[in-house]
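Respectively, the protein sequence lines represent chains A and B. Take the first sequence: its letters are residues 867 to 1004, numbered as in the working numbering. Take the second sequence: its letters are residues 867 to 1004, numbered as in the working numbering. Here's the structure, in structure tokens; my notes come after.
Protein chains: 2
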Amino acid sequence: MSNDRTYTDIIERLRHAGLRPTRQRIALAGLMFTGEDRHVSAEILHGEAVTAKIPVSLATVYNTLHQFTESGLLREIVIDGGRSYFDTNVGDHHHFYFENDGRLEDIAAEDIVVSQLPQPPGKARIARVDVVVRVRED
Amino acid sequence: MSNDRTYTDIIERLRHAGLRPTRQRIALAGLMFTGEDRHVSAEILHGEAVTAKIPVSLATVYNTLHQFTESGLLREIVIDGGRSYFDTNVGDHHHFYFENDGRLEDIAAEDIVVSQLPQPPGKARIARVDVVVRVRED
DNA sequence: ATTCTCTTTAGAACCTTTCTAAACTGTTGA
DNA sequence: TCAACAGTTTAGAAAGGTTCTAAAGAGAAT
């Protein structure tokens, strides 16, 4: 069945990232990598795990999110307030930020053209260019 | 003397923003609006006030930073971690973010050209476009 | 001066994130 | 298959930044 497929895929993906496929990592990956790109916070993911009857501690959720980020499986986004979001889309893209409700939405890389960039000061190298389009729905 | 000038200017500026020119607001404005554009955190500003022998509570520093932001005297920036920065440059511009030390540096609006933007979803209106150029100095 | 409203303040509370040390579990090799 | 080791998870405490509270203080207007 198709569940075997995803399950095996996830394990393979974790192994490939140099992470032991533990019960918790597999479950959390299963919740996040659903096909649709998502923006999850630690609290949201932990809540989903609890709802799905997967007992995982909040500390493990944080550990996992950071390890996934270091391995390139996730990308951390901090836009506002004291909350971090983790984006399952690690490709080149940007974001709409809805100031009303704090929601994020992806913008495909090709939908924004940054046609000129300044020289980084000193011997600094550009690691990434993040564009956040802040919108309001008043 | 020139101090009278700046002092009067600051009071005028606060009045114009609809804020009572209290001892604390005047002092904090004096520390921030020095001519050079700055990126200050609440903690840094509080530290500078203490050093300058201006007794201000941390709560007042937070209140003031937020009131100034609402009045358009400052602009809040959240890039990383749990710390907010407040930019005395409220004009149209962008930022370099030095991942090594967390420092911010302004990029003039005309040094970055965003020549194409997507349509905001629904009836949302674009409030601002923030570009953060993340650089590393390894 | 008096009064009124806005402002400041210390300290507690809050919230997200990190730390700690002990228990647990994949993995490897015999 | 099983022992042994290193990596992982966990509860709870701690940390770090920000906000709240309620009481005292200070501009502004009369």
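C-beta atoms are modelled at their ideal positions from N, C-alpha and C, and glycine is treated no differently. All figures in this text were calculated on a predicted structure; none of them were measured in a lab.
query, result
"Every unbroken beta strand (DSSP E) within the region 965-994 of chain B, with a cutoff of 3 residues, ordered by chain", "969-974 and 979-982"
"Backbone secondary structure at B/HIS943 - three-state DSSP", "First, the residue type needs correcting, since residue 943 of chain B is Ile and not His in the sequence shown. Strand."
"Same chain, Cβ closer than 8 Å to A/THR872, five either side skipped, listed in chain order", "GLY896"
"Identity of the residues DSSP links to B/HIS960 by a beta bridge", "B/ILE973"
"Chain B contacts made by the region 910-926 of chain A, where a contact means CB separation under 9 Å", "none"
"Beta bridge counterpart(s) of A/ASP953 as assigned by DSSP", "A/HIS905 and A/ARG941"
"Buried versus exposed call for B/VAL998 [16 or more other C-beta atoms within 10 Å across all chains shown]", "buried"
"Counted within 10 angstroms of its Cβ, other Cβ atoms place A/ASP996 as buried (16 or more) or exposed", "buried"
"DSSP three-state assignment for A/ASP996, whether helix, strand or coil", "strand"
"Min CB distance B/GLU902 to chain A below 7 Å", "no"
"Reduced DSSP category for A/ARG886 - H, G, I as helix; E, B as strand; rest coil", "coil"
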